[in-house]
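**Q**
Residue numbers (the UniProt record's numbering), protein chains in the order written: chain A, 1 to 201; chain B, 1 to 201.
Here is the structure:
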């Protein structure tokens, strides 16, 4: 019972990896418990259902990702340089997953949106919130780029939404082709989406 | 037994709707047969497995969609006007699904890519082919737009890939928010992706 203290974290990690390797519907609680090394009885101590585990996994994953995004977007360099670094970090995460597991795991939120969004209303609502927060973060970042004169004034909300949509689309391709390099297009596309048609970077 | 002749078509239609309403993994052969009004024995006459049915569903759906795309892209108007009409038609399909079933069903190929791409190698390979064909169609269409002088010379393959990625990302949002209007951003984004920053249309 010495490992009980981190059983919840191990269940979240097991769910994150199994949802990516297979899918939400294809994975059962027994398999998640086996991967986590946690007894089924302990599972129900932490989570009433697989749906509740998925919601906690989304929450946990978004807290980490949001913190990573914030530290990059508030880091060194000009606003566009920081945005570029965010995409490079995203590509690196998929490259690390490929190197470690042989598989580009994609985006937990996009994976669950297309699969579970139609089944579970609580999951759908939480994912809507995550994507809205992503768009807000990119919007306020683009406003900085406009304020600094690095890009021309632009509809920052529309541009941010297009950037997040582009990111989800390219991560879908990265997962489908099992190739993180699909994300290399992200930077050039984003520059065009914010109205920069030529740039050496 | 009078309906046996169209049993295969009914199985394809049932699979198309059930994969969209729930997901591939969440739907079993028995449920697909019930929706189609086909006996389980007949199912195995047509398809050796659910995977085989999914492959046939992808094939059938892509043949129809490719034909729809071609007739719009080879229709009346300038190349950009026809591209705009393709996006309007895509939005309309999601709006019709919402009106008919209460649900934006999304894109079969995107749905399966994120869910099944990690599980089934034949499905993954077929979906790679579908997206490659979509990118080819948009690429050759953008080449027409360049040739006609409607847009400036541009890396048409990269732009086409960005447009298809953007479309998948926005369809993901349309499905997640159950709102076809998410796709309204498609036109303005695509213009930017091909280097047109201002246009009244």
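Think of the CB as a built atom: it goes at the ideal place given N, C-alpha and C, for glycine as much as any other residue.
Let's see if you can read the secondary structure: which residues bound the alpha helix (DSSP H) around residue 144(B)?
**A** Residue mapping note: residue 144(B) aligns to position 144 of the second chain, counting from 1. Counting along the chain, the alpha helix (DSSP H) containing residue 144(B) begins and ends at 121-147.
**Q** Find the residues of chain A that neighbour residue 41(B), judging by a C-beta separation of less than 7 Å, and give them in chain order.
**A** Sequence index remark: in the second chain, residue 41(B) carries index 41 (1-based). Chain A residues near residue 41(B): none, gap ~26 Å exceeds 7 Å.
**Q** Locate the alpha helix (DSSP H) running through residue 154(A), then write down its first and last residues.
**A** The count along the first chain starts at 1 and reaches residue 154(A) at position 154. That residue, residue 154(A), is in no alpha helix (DSSP H); it is neither H nor E in DSSP.
**Q** Would you list, in sequence order, the uninterrupted alpha helix (DSSP H) runs of no fewer than 4 residues that lie entirely inside the UniProt DNA-binding region "H-T-H motif" (28-47) of chain A?
**A** Correct list: 29-36 and 40-46.
**Q** Can you pull out the residues from the segment 12-24 of chain A whose beta carbon lies closer than 8 Å to at least one beta carbon of chain B?
**A** 20, 21, 22, 23 and 24
**Q** Alpha carbon to alpha carbon, how far is residue 188(A) from residue 76(A)?
**A** Indexing the first chain from 1 puts residue 188(A) at position 188. Indexing the first chain from 1 puts residue 76(A) at position 76. The straight-line gap from Cα to Cα measures roughly 21 Å.
**Q** Nearest CA to the CA of residue 29(B): which residue from 21(B), 20(B) and 47(B)?
**A** Looking up residue 29(B) in the second chain gives position 29. When only C-alpha atoms are compared, the closest one is 47(B).
**Q** Measure how close the beta-carbons of residue 115(A) and residue 17(A) come, nearest whole angstrom, since I'm counting them as under 8 Å.
**A** Taking the first chain and counting its residues from 1, one reaches residue 115(A) at position 115. Taking the first chain and counting its residues from 1, one reaches residue 17(A) at position 17. Incorrect: roughly 16 Å between the Cβ atoms, too far for contact.
**Q** In chain A, what lies closer than 7 Å to residue 189(B) by C-beta?
**A** The residue labelled residue 189(B) in the question sits at position 189 within the second chain. In chain order: 162 and 193.
**Q** Please name the residue in 131(A), 83(A) and 105(A) whose C-alpha comes closest to that of residue 117(A).
**A** Within the first chain, residue 117(A) is the residue found at index 117, counting from 1. For residue 117(A), the nearest C-alpha among the options comes from 131(A).
**Q** In three-state DSSP terms, what is residue 84(A)?
**A** Residue numbering aside, residue 84(A) sits at position 84 when the first chain is read from its first letter. Assigned with DSSP and collapsed to three states, residue 84(A) falls in helix.
**Q** Hey, could you find the ends of the alpha helix (DSSP H) residue 67(A) is sitting in?
**A** Reading the first chain from its first residue, position 67 is the one you call residue 67(A). 50-73 is the span of the alpha helix (DSSP H), which, as asked, contains residue 67(A).
**Q** Would you say residue 287(A) and residue 72(A) are within 8 Å of each other, going by their C-beta atoms?
**A** This structure leaves residue 287(A) out entirely; chain A is present only between 1 and 201.
**Q** State yes or no: is the beta carbon of residue 197(B) nearer than 8 Å to at least one beta carbon in chain A?
**A** In the second chain, the residue the question calls residue 197(B) occupies position 197. Interface residue, yes.
**Q** Hey, residue 170(B) and residue 183(B): beta-carbon distance below 8 Å or not?
**A** In the second chain, counting from the first residue as 1, residue 170(B) sits at position 170. In the second chain, counting from the first residue as 1, residue 183(B) sits at position 183. Yes.
**Q** If we ignore side chains and look at the alpha-carbon of each, how far apart do residue 168(A) and residue 43(B) end up?
**A** Here residue 168(A) refers to the residue found at position 168 when the first chain is read from its first residue. Here residue 43(B) refers to the residue found at position 43 when the second chain is read from its first residue. Within the model, the alpha-carbon separation for residue 168(A) versus residue 43(B) is close to 36 Å.
**Q** On the criterion of 16 or more Cβ atoms from any shown chain inside 10 Å, does residue 64(B) qualify as buried, or is it exposed?
**A** Residue mapping note: residue 64(B) aligns to position 64 of the second chain, counting from 1. So residue 64(B) ends up on the exposed side.
**Q** Measuring straight from C-alpha to C-alpha, what distance separates residue 155(A) and residue 185(B)?
**A** Looking up residue 155(A) in the first chain gives position 155. Looking up residue 185(B) in the second chain gives position 185. Rounded to whole angstroms, residue 155(A) to residue 185(B) spans 12 Å at the Cα level.
**Q** Is it right to say residue 97(A) is buried, meaning 16 or more other beta carbons lie within 10 angstroms of its own, or is it exposed?
**A** On the first chain, position 97 is the one that residue 97(A) refers to. Counting Cβ neighbours within 10 Å, residue 97(A) comes out buried, since at least 16 surround it.
**Q** Any contact between the segment 121-140 of chain A and the segment 126-145 of chain B? By contact I mean 3 or more CB pairs, one from each, below 8 Å.
**A** no
**Q** Could you tell me whether the Cβ of residue 124(B) comes closer than 8 Å to any Cβ of chain A?
**A** Position 124 of the second chain, counting from 1, holds the residue named residue 124(B). Closer than 8 Å to some Cβ of chain A, the Cβ of residue 124(B) qualifies, so yes.
**Q** Buried or exposed: which applies to residue 110(A), given that a residue is buried once 16 or more other Cβ atoms fall within 10 Å of its Cβ?
**A** Taking the first chain and counting its residues from 1, the one referred to as residue 110(A) is at position 110. Buried: at least 16 other Cβ atoms inside 10 Å.
**Q** With DSSP collapsed to three states, give me the class of residue 77(B).
**A** The residue you call residue 77(B) lines up with position 77 of the second chain. Correct three-state label for residue 77(B): coil.
**Q** Quick one: does residue 103(B) have its CB under 8 Å from some CB of chain A?
**A** Here residue 103(B) corresponds to residue number 103 of the second chain, with the count starting at 1. Answer yes: the Cβ-Cβ gap between residue 103(B) and chain A drops below 8 Å somewhere.
**Q** Consult DSSP for residue 173(A) and reduce its assignment to one of helix, strand or coil.
**A** What you label residue 173(A) is simply residue 173 of the first chain in a count that begins at 1. Correct three-state label for residue 173(A): helix.
**Q** Which same chain residues, not among the five before or five after residue 86(A), have their C-beta less than 7 Å away from its C-beta?
**A** The residue labelled residue 86(A) in the question sits at position 86 within the first chain. So the list reads 69, 72 and 73, once near-sequence residues are dropped.
**Q** By Cβ distance below 7 Å, which residues in the same chain neighbour residue 159(B) in space, the five residues on each side in sequence not counted?
**A** Position 159 of the second chain, counted from the start, is the residue given in the question as residue 159(B). Listed in chain order, the non-local C-beta contacts of residue 159(B) below 7 Å within the same chain comprise 142, 193 and 194, local neighbours out to five positions each way being set aside.
**Q** Quick one: which chain B residues come within Cβ less than 7 Å of residue 114(A)?
**A** Working through the first chain from its first residue, we reach residue 114(A) at position 114. Going along chain B in sequence order, the residues near residue 114(A) (Cβ under 7 Å) are 106, 110, 111, 114, 115, 172 and 175.
**Q** Return the first residue and the last residue of the alpha helix (DSSP H) that residue 111(A) is part of.
**A** For the purposes of this step, residue 111(A) is identified with residue 111 of the first chain, where counting begins at 1. Counting along the chain, the alpha helix (DSSP H) containing residue 111(A) begins and ends at 108-116.
**Q** Where residue 152(B) and residue 80(B) are concerned, what is the direct C-alpha to C-alpha distance, given to the nearest angstrom?
**A** Within the second chain, residue 152(B) is the residue found at index 152, counting from 1. Within the second chain, residue 80(B) is the residue found at index 80, counting from 1. Spanning the two alpha carbons is a distance of roughly 12 Å.
**Q** Does the beta carbon of residue 83(A) sit closer than 8 Å to a beta carbon anywhere in chain B?
**A** Here residue 83(A) refers to the residue found at position 83 when the first chain is read from its first residue. No, its Cβ sits nowhere closer than 8 Å to a Cβ of chain B.
**Q** Where do the ends of the alpha helix (DSSP H) carrying residue 18(A) lie?
**A** Mapped onto the first chain, residue 18(A) falls at position 18. 7-21 is the extent of the alpha helix (DSSP H) around residue 18(A).
**Q** Run through chain B and tell me which residues come within less than 8 Å of residue 131(A), C-beta to C-beta.
**A** The sequence position of residue 131(A) within the first chain is 131, counting from 1. The answer, in chain order, is 173 and 176.
**Q** Contact criterion: CB-CB distance below 8 Å. Does residue 138(A) meet it with respect to chain B?
**A** Walking along the first chain from the start, residue 138(A) turns up at place 138. Answer no: the Cβ-Cβ gap between residue 138(A) and chain B never drops below 8 Å.
**Q** If contacts are defined as beta-carbon pairs under 8 Å, then residue 166(A) and residue 190(B) qualify, I think. What distance do you get, rounded to the angstrom?
**A** Reading the first chain from its first residue, position 166 is the one you call residue 166(A). Reading the second chain from its first residue, position 190 is the one you call residue 190(B). The pair is not a contact, with the Cβ atoms about 11 Å apart (cut-off 8 Å).
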